[in-house]
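Under full-length UniProt numbering, the residues of the sequence shown are numbered 1 to 635, in order.
A virtual CB, placed ideally from N, CA and C, is assigned to each residue, including glycine.
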Amino acid sequence: MSGSVQQETLWNLEVPEEPVLSPDGQRIVYVLRGHDRTADRVVRSLWCRGLDGSSYRLTDGQDDRAPAWAPNGRSVAFLRGRPAQLCLLDVDGGPDQPRTLVGSGESAGRPVWSPDGGAIAFTTVCKMLGRNEPMVSDRVDYQFDGAGLVGDLRRELRVLEPVTGTSRAVSAGHRWCGDPSWSPDGRWLAFTAGGSGDADLTFRTEAFLASSDSGDLVEHAVAPGVVARGLVTWTPDGEGLLAVVARPRANHELVRISVRSGGSVPLTASLDRNVLRGEPGYPGAAPVVSGDRVLFIARDAGAGRLYEVPVTGGAVREVEIGAGASASGLTASGGTVALVRRTPTSYGELVVLEDGRSAHAVVCADRKPPVVAQPREFTAPDGATIQGWVLRSPDATQPQPLLLDVHGGPHNSWDGCADEVHLYQQELVSRGWTVVLANPRGSDGYGAAFCHAIAGRWGLADADDLYAVVDALVADGSADSSRLAVSGYSYGGYMACYLTAHDRRFRAAVAGGLVCDLGGVVGTSDVGVATALDEFVGLPWDAPDGYAAMSPWSRVGAVETPTLVMHGAADLRCPLGQAQQWHAALRARRVPSRLVLYPEAGHLFLVEGRPSYREHYSTAVVDWLSTWVGDDAIR
1 MSGSVQQETL
11 WNLEVPEEPV
21 LSPDGQRIVY
31 VLRGHDRTAD
41 RVVRSLWCRG
51 LDGSSYRLTD
61 GQDDRAPAWA
71 PNGRSVAFLR
81 GRPAQLCLLD
91 VDGGPDQPRT
101 LVGSGESAGR
111 PVWSPDGGAI
121 AFTTVCKMLG
131 RNEPMVSDRV
141 DYQFDGAGLV
151 GDLRRELRVL
161 EPVTGTSRAV
171 SAGHRWCGDP
181 SWSPDGRWLA
191 FTAGGSGDAD
201 LTFRTEAFLA
211 SSDSGDLVEH
221 AVAPGVVARG
231 LVTWTPDGEG
241 LLAVVARPRA
251 NHELVRISVR
261 SGGSVPLTAS
271 LDRNVLRGEP
281 GYPGAAPVVS
291 GDRVLFIARD
301 AGAGRLYEVP
311 VTGGAVREVE
321 IGAGASASGL
331 TASGGTVALV
341 RRTPTSYGEL
351 VVLEDGRSAH
361 AVVCADRKPP
371 VVAQPREFTA
381 PDGATIQGWV
391 LRSPDATQPQ
401 PLLLDVHGGP
411 HNSWDGCADE
421 VHLYQQELVS
431 RGWTVVLANP
441 RGSDGYGAAF
451 CHAIAGRWGL
461 ADADDLYAVV
471 DALVADGSAD
481 SSRLAVSGYS
491 YGGYMACYLT
501 AHDRRFRAAV
511 AGGLVCDLGG
521 VVGTSDVGVA
531 TALDEFVGLP
541 WDAPDGYAAM
551 SPWSRVGAVE
561 TPTLVMHGAA
571 DLRCPLGQAQ
581 QWHAALRARR
591 VPSRLVLYPE
601 AGHLFLVEGR
611 PSYREHYSTA
621 VVDWLSTWVG
631 DDAIR
C-alpha cells in the first residue's frame, strides 16, 4: 500500500470526537484526533467551536482528551497523557500551559464538575500491582487487555477543590470503578463498580451512591443485582438514575432506577434494539438529559441512531441526524444538542441540532473515501434477510475477485459508513476487487432474537448466512467464483478460520486477532469465563461436544486455504496462543501460512494502536490477497 491514497488517508486524516457543550449551549469543546508520523502515535488536542462560527485551538498537547466545562463556562478540565494528569485551563486564554491539578502518578479518570463548580470528581488508582511484584490472585480478573497483569487493581472516587488543589477520597476502592455523576444538589455521586461475590466471573457491575461531603466513606448499592453498565446519569429531580442495564441474551436497555427504593422502570422496552454506551470500535455514548427528555444512541440496521424518550417514560422517537449516519459522542446543554456522526461519505463530523430536529455539520473530517459502500440485501437459506454493503468500482462491469470481510464482536456490525480502520478495503477496490460487508446472525441492530441467535452456536448459526452472501454475488456476476477470499478481525478472524475449516471455496484467508480453540479461550482470555457463560452458554467441561462443534481447531486438519495470521503480541482478549496454534497447525500440514505479530499491541491496536501497525496491517492484507488471488484490471 506504499504511496497509495489510503496510506495518505491514514496519516493525514483528522477527525473530531468527544464534543462537550458549554453550559449556555453556545460553544463546543471537542477533541481533534490526528497522527504524528515522526513519533508514530495518535495525537489529540482540544479545540473550541462557537455556534457563531468562531473556532480556535485550546491546547497543544499530544494526548489531551475528556474535556469538561466548568458550570461558569470559563474553564475546562481535561485529561492529558497516559497515565493521565488532570488539568485545568481558561477557555479564553489561548494555548497557554494548563494548570496540572492531579499528577500522572494517580492515573486520573474523566473529570466531572459539581453543580456549583466548587469541586471536581474523578476516579484514581488506589491499589495496583507494583513493578516486578509477583501477581497473586484468587480470582480470574487479574489481567485486562491493554493493561496487562493488574492483580487486585482498584480505583476510588476522589473529590478535588480546584482552588486549593486538595482532594479527598469519598469511596472505598472498587474493581472496575466507573466515572461518577453528581446529584443535582451536589450531595451524592453515582457510579458503577463491580459487585460482590462472583463478579470476577461475570464482569457485571452495579450502580452505587457515595456521599460527596461526608468525612467518612458513606456509600451503598442502589439496586443490588441490577447490572448497570458505564456512566449513570441523574434525573433532573434527583430522585432517579438513568442507566444502561444489561441482561443475558437480551437488549441493553435504558432504565430509570429509583435512588430510594432501587426499583427500576424500563424506558426503552418498546424498542427492540441495543442501547449503546460507546466503546472503542463501537458507536454510541452515555445517555444525556435535555429538558424533560433523555437522548440516547441505539443500534439499528448496523448504525448508531439517535433516539429520545421522556424522562418519566413514554414513546421512544428517533431523532433524524442524516441518511445512513452513525452517531457517537453525545452532548446536550442550553437547548442545544451536539454529536459526532459518520456517514457513507464522511469519516467523522461534528454535528449540531439547535432546535432538536435539524442537524448540520460544523466541523468535518478533511478527507472522503474514494468509493462509497452501496447497500444490498441478501437472503439466507432459511429466508432471513441479511443486510450488507458492497464496495466496488462504479466502472466495473465484469466479475471481479471478491473479499468477504467479516466484522468482530461477535455483536458488532458493519454500518456502510466511511471506515478509517479497514483502509485495505478501499485499496483492494482500486486494484479491481469487489469487497462485501455483511451482517449475519449475531450482528447487532436487528433485534434481540437476531443478535443472540448465535448463543452457543458460534459458526453453526451464521456461516450459512455468509456463504449465501458470496453465492449471491457470484450469481449476479459481481464476483469470480474462482477468486474468492475471506478476512476478519477478532470474531471475524474466528470466522475466517471457521469458514476455511468447513469449505474450500476460498483461495486465501486473513485471520486477525483470532480465536480458534474456544475451550482454551475460557481459561486464558481476560474475559474468558464471562464469555463462556454469556456466549457459549456453559463451560467446556460441561459441553465438550458443543465446544468442539464451534471450534475451528477441531477441523484444522481440513484447512487447505493459504492463511495470513496477524495478532497483537500483548493481546489478552483473544490470547496470542490462539494465533500461534492456528499458524503452527497450518505450517505442520504444509499449508501456506504467515504469522505477523505486533509487539506490545493489545487486542484493539487496529483502533487505538500505533499508526504504523495499522498501516502495516492493511498493507499485509492487500499483499497477501494479491499474491494468492491476484488483482484485476477494472473492467
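* **Simplified DSSP assignment, three categories, for Ala303** => Start at 1 with the first residue of the sequence shown, and residue 303 comes out as number 303. Residue state, collapsed to three classes: strand.
* **Cβ shell of Ser443 (< 6 Å), same chain only, five flanking positions each side left out** => As a working mapping, residue 443 is identified with position 443 in the sequence shown. Counting only Cβ-Cβ distances below 6 Å, and skipping sequence neighbours, we find Ser413.
* Asked: Since Val469 is in the alpha helix (DSSP H), which residue starts that stretch and which ends it?
  -> As a working mapping, residue 469 is identified with position 469 in the sequence shown. Unbroken alpha helix (DSSP H) run through Val469: Ala463 to Ala475.
* Asked: When DSSP builds the beta bridges, which residues end up paired with Leu460?
  -> Sequence index remark: in the sequence shown, residue 460 carries index 460 (1-based). DSSP, once it has assigned bridges, lists no residue as partnering Leu460.
* Evaluate contact between the region 474 to 489 and the region 531 to 550, counting only Cβ atoms and requiring at least three cross-stretch pairs below 8 Å. => no
* Asked: Just how far apart, CA to CA, sit Thr619 and Tyr424?
  -> Here the question's residue 619 lines up with position 619 in the sequence shown. Here the question's residue 424 lines up with position 424 in the sequence shown. Distance between the alpha carbons of Thr619 and Tyr424 is about 7 Å.
* To do: Quick one: using the 10 Å Cβ neighbour count with 16 as the cut-off for buried, is Trp458 buried or exposed?
  => The residue you call residue 458 lines up with position 458 of the sequence shown. Its Cβ being crowded by 16 or more others within 10 Å, Trp458 is buried.
* Whole angstroms is fine: what's the gap from Gly304's alpha carbon to Gly447's? => The residue given as residue 304 occupies position 304 in the sequence shown. The residue given as residue 447 occupies position 447 in the sequence shown. Near 14 Å, if we compare the C-alpha coordinates of Gly447 and Gly304.
* Three-state secondary structure assigned by DSSP to Ala327 -> Along the sequence shown, read from residue 1 onward, the residue named residue 327 stands at position 327. It is a strand residue.
* Asked: For Lys127, which residues does DSSP report across the bridge?
  -> As a first step, residue 127 is located in the sequence shown; it is residue number 127 there, counting from the start. DSSP, once it has assigned bridges, lists Arg154 as partnering Lys127.
* Spell out a yes or no on whether the region 593 to 605 and the region 566 to 581 are touching, meaning 3 or more CB-CB pairs, one atom from each, closer than 8 Å. => yes
* Asked: Near Ser551, what residues of its chain come up, given a Cβ to Cβ distance below 6 Å and the 5 sequence neighbours on each side ignored?
  -> For the purposes of this step, residue 551 is taken as the residue at position 551 of the sequence shown. Taken in chain order, the residues that qualify are Asp517 and Leu518.
* Roughly how many angstroms separate the alpha carbons of Gly103 and Leu86, rounded to a whole number? -> Position 103 of the sequence shown, counted from the first residue, corresponds to residue 103. Position 86 of the sequence shown, counted from the first residue, corresponds to residue 86. Taking the straight line joining both Cα atoms gives about 7 Å.
* For Trp47, name the three-state secondary structure that DSSP assigns. => Here residue 47 refers to the residue found at position 47 of the sequence shown. Note: Trp47 maps to strand in three-state DSSP.
* Asked: In this structure, does DSSP put Phe450 in helix, strand or coil?
  -> Residue mapping note: residue 450 aligns to position 450 of the sequence shown, counting from 1. Three-state result, Phe450: helix.
* **Inter-residue spacing [alpha-carbon to alpha-carbon] between Gly281 and Leu350** => By 1-based counting over the sequence shown, the position of residue 281 is 281. By 1-based counting over the sequence shown, the position of residue 350 is 350. Taking the straight line from one Cα to the other gives about 18 Å.
* **Expected contact under 8 Å - CB spacing of Ala463 and His502 to nearest Å** => As a working mapping, residue 463 is identified with position 463 in the sequence shown. As a working mapping, residue 502 is identified with position 502 in the sequence shown. Right, their Cβ atoms sit about 7 Å apart.
* To do: State whether the region 284 to 302 contacts the region 620 to 630, with contact taken as three or more CB pairs (one from each stretch) at a distance under 8 Å.
  => no
* Give the secondary structure of Glu320 by DSSP, where H, G and I count as helix, E and B as strand, and everything else as coil. => Position 320 of the sequence shown, counting from 1, holds the residue named residue 320. Coil, per DSSP.
* Asked: Quick one: what does DSSP say Tyr142 is sitting in, helix, strand or coil?
  -> The residue you call residue 142 lines up with position 142 of the sequence shown. Of the three classes helix, strand and coil, the one that applies to Tyr142 here is coil, per DSSP.
* Asked: If you count every other CB in all the chains shown that lies within 10 Å of the CB of residue 661, and 16 or more means buried, which is it?
  -> There is simply no residue 661 to check, as the chain begins at 1 and stops at 635 in what is shown.
* **Top-ranked residue by Cα proximity to Ala323, from Arg41, Ala332 and Thr345** => What you label residue 323 is simply residue 323 of the sequence shown in a count that begins at 1. Taking only the C-alpha atoms, the option nearest Ala323 is Thr345.
* For His411, which option in Pro16, Gly523 and Pro283 has the closest C-alpha, if you only look at C-alpha atoms? -> Translated into the one-based positions of the sequence shown, residue 411 becomes position 411. That would be Pro283, whose Cα lies nearest to the Cα of His411.
* Please classify Leu389: is it buried, with 16 or more other beta-carbons within 10 angstroms of its beta-carbon, or exposed? => In the sequence shown, residue 389 corresponds to position 389, counting from 1. The amino acid occupying residue 389 in the given sequence is Trp; Leu does not appear at that position. When all chains shown are included, Trp389 counts as buried.
* To do: Grab me the residues of Pro310's own chain with a C-beta within less than 7 Å of its C-beta, minus the 5 sequence neighbours each way, in chain order.
  => Here residue 310 is taken as the residue at index 310 of the sequence shown, counted from 1. So the list reads Asp292 and Arg293, once near-sequence residues are dropped.
* Asked: Are Ser45 and Gly61 closer than 8 Å when you measure CB to CB?
  -> In the sequence shown, residue 45 corresponds to position 45, counting from 1. In the sequence shown, residue 61 corresponds to position 61, counting from 1. For Ser45 and Gly61, yes; Cβs fall inside 8 Å.
* **Among Asp64, Val265, Arg139 and Thr312, nearest to Gly197 - alpha-carbon criterion** => For the purposes of this step, residue 197 is identified with residue 197 of the sequence shown, where counting begins at 1. Looking at the Cα atoms, Arg139 is the closest of the given residues.
* If you draw a straight line from the C-alpha of His360 to the C-alpha of Pro394, how long is it? -> In the sequence shown, counting from the first residue as 1, residue 360 sits at position 360. In the sequence shown, counting from the first residue as 1, residue 394 sits at position 394. Near 29 Å, if we compare the C-alpha coordinates of Pro394 and His360.
* Taking the continuous alpha helix (DSSP H) assigned at His422, which residues delimit it? -> If you number the sequence shown from 1, residue 422 lands on position 422. Note, His422: premise wrong, no alpha helix (DSSP H); not H, not E.
* Beta-carbon proximity list for Ala558, same chain, < 7 Å, skipping 5 on both sides -> The residue given as residue 558 occupies position 558 in the sequence shown. So the list reads Ala501, once near-sequence residues are dropped.
* To do: Give the DSSP-derived three-state secondary structure of Leu217 in the structure shown.
  => Residue mapping note: residue 217 aligns to position 217 of the sequence shown, counting from 1. Leu217 falls in the coil class under three-state DSSP.
* When the Cα atoms are used, what is the spatial distance from Asn132 to Cys451? -> For this step, residue 132 is matched to residue 132 along the sequence shown. For this step, residue 451 is matched to residue 451 along the sequence shown. Cα-Cα distance, rounded: 43 Å.
* **Buried or exposed (CB count within 10 angstroms, at least 16 for buried), Thr100** => Mapped onto the sequence shown, residue 100 falls at position 100. It is exposed - the Cβ of Thr100 has fewer than 16 other Cβ atoms within 10 Å.
* Are Leu241 and Pro162 touching if we call contact CB-CB under 8 Å? -> Residue mapping note: residue 241 aligns to position 241 of the sequence shown, counting from 1. Residue mapping note: residue 162 aligns to position 162 of the sequence shown, counting from 1. Cβ atoms of Leu241 and Pro162: not closer than 8 Å.
* To do: Take Phe203 and list the residues in its own chain whose beta-carbon comes closer than 8 Å to its own, dropping the five residues that flank it on each side.
  => The count along the sequence shown starts at 1 and reaches residue 203 at position 203. Hits under 8 Å: Asp141, Trp176, Gly194, Val527 and Ala530.
* Express the C-alpha separation of Gly278 and Ala327 in angstroms, rounding to a whole number. => Walking along the sequence shown from the start, residue 327 turns up at place 327. Walking along the sequence shown from the start, residue 278 turns up at place 278. Taking the straight line joining both Cα atoms gives about 9 Å.
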